[in-house]
Amino acid sequence: MAKLTYYTAATLDGFLADPDHSLDWLMRQDQDQSGPLNYDAFVADIGAIVMGSTTYEWVRRHFPDEWFYTMPAWVMTTRELAPPPVPQADVRFRSGDVRAVHEEMVAAAGGKDLWVVGGGELAGAFADAGLLDEVIVYLAPVTLGAGAAILPRRLDLELLETAQNKDFLTARYRVLGPLTEDRATQ
Ligand SMILES: NC(=O)c1ccc[n+]([C@@H]2O[C@H](COP(=O)([O-])OP(=O)(O)OC[C@H]3O[C@@H](n4cnc5c(N)ncnc54)[C@H](OP(=O)(O)O)[C@@H]3O)[C@@H](O)[C@H]2O)c1
1 MAKLTYYTAA TLDGFLADPD HSLDWLMRQD QDQSGPLNYD AFVADIGAIV MGSTTYEWVR
61 RHFPDEWFYT MPAWVMTTRE LAPPPVPQAD VRFRSGDVRA VHEEMVAAAG GKDLWVVGGG
121 ELAGAFADAG LLDEVIVYLA PVTLGAGAAI LPRRLDLELL ETAQNKDFLT ARYRVLGPLT
181 EDRATQ
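With UniProt numbering applied, the sequence shown corresponds to residues 1 to 186, in that order.
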């Protein structure tokens, strides 16, 4: 079965973006592009990706003439959004249950793995459905105090791997499921 990973960067206090959806705090950090848990090695095994509309619109705003994802991409939205102005971009807009999207992604991925790009609620929806397998985080040496939370759920995870990549603490986790304390009371 294709593995679904939430691969993202976050602040030390657990935010993906500040309240204005700025990633300036992230863009100025230094990283080794061939270092631990690097993007190129991760994405080489990815056959399909999914993101929420805020993340999609951030990418479109910052790279209006480009679409650098080579694999099919699902964008979750309840609105009519324009696809990227790039002929080879394969972007599919969907709304509702992430389980149906997961099925489509697995079918399109050709045996490769899946990536939930963000945001946190969307990754949480996959976790709620028992479909989120791993989390890889690049933790930046920054606190923001407020913003978009990395994964606003109560989950137990198992720490599989850690390393420093220049400015970042990188970590890979397996998602075990709902927090043990919550399972006990269900
Ligand atoms: N630090 C990082 O590496 C990193 C990674 C990813 C994202 N980010 C940033 O983090 C922020 C995340 O923004 P966000 O919290 O708003 O999350 P998001 O997942 O990017 O967007 C959320 C929006 O997507 C749509 N959506 C999500 N699930 C849906 C579903 N099941 N059905 C229909 N529509 C659905 C809804 O908007 P509509 O229905 O109104 O379209 C929802 O408000 C952004 O600023 C992004 O740029 C940072």
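Glycine included, every Cβ here is placed at the ideal spot set by N, Cα and C.
Fair warning: this is a prediction, and the values are worked out from it, not measured in the lab.
{"Asked": "Should E161 be counted as a contact of ligand 3 given a C-beta to heavy atom distance under 8 Å?", "Found": "Judged by which ligands are present, ligand 3 is missing from the structure shown, whose ligands are ligand 1."}
{"Asked": "Which residues does DSSP pair with M51 in a beta bridge?", "Found": "V75, G118"}
{"Asked": "Based on the DSSP output, what are the partners of L159 in its beta bridges?", "Found": "Y173"}
{"Asked": "Within the 9 Å Cβ cut-off, does G35 reach chain C?", "Found": "Considering every chain present, this structure includes no chain C. It has just one protein chain."}
{"Asked": "Name the residue from V175, P152, L139, P178 whose alpha carbon lies nearest to the alpha carbon of Q164.", "Found": "L139"}
{"Asked": "Using only the alpha-carbon positions, how far apart do M76 and A123 sit?", "Found": "12 Å"}
{"Asked": "At the level of alpha carbons, what is the spacing between P152 and G120?", "Found": "6 Å"}
{"Asked": "When the Cα of R28 is compared with those of P36, R94, V142, which residue comes out closest?", "Found": "V142"}
{"Asked": "For the alpha helix (DSSP H) holding residue 196, just list the boundary residues, first then last.", "Found": "The displayed coordinates of the chain run from 1 to 186. Any statement about residue 196 would go beyond what the structure contains."}
{"Asked": "Please say whether D45 and K112 have beta carbons closer to each other than 9 Å?", "Found": "yes"}
{"Asked": "For a minimum of 4 consecutive residues, which ranges assigned as the alpha helix (DSSP H) are wholly contained in the stretch 55 to 111?", "Found": "98 to 108"}
{"Asked": "Alpha carbon to alpha carbon, what distance is there between T78 and L37?", "Found": "33 Å"}
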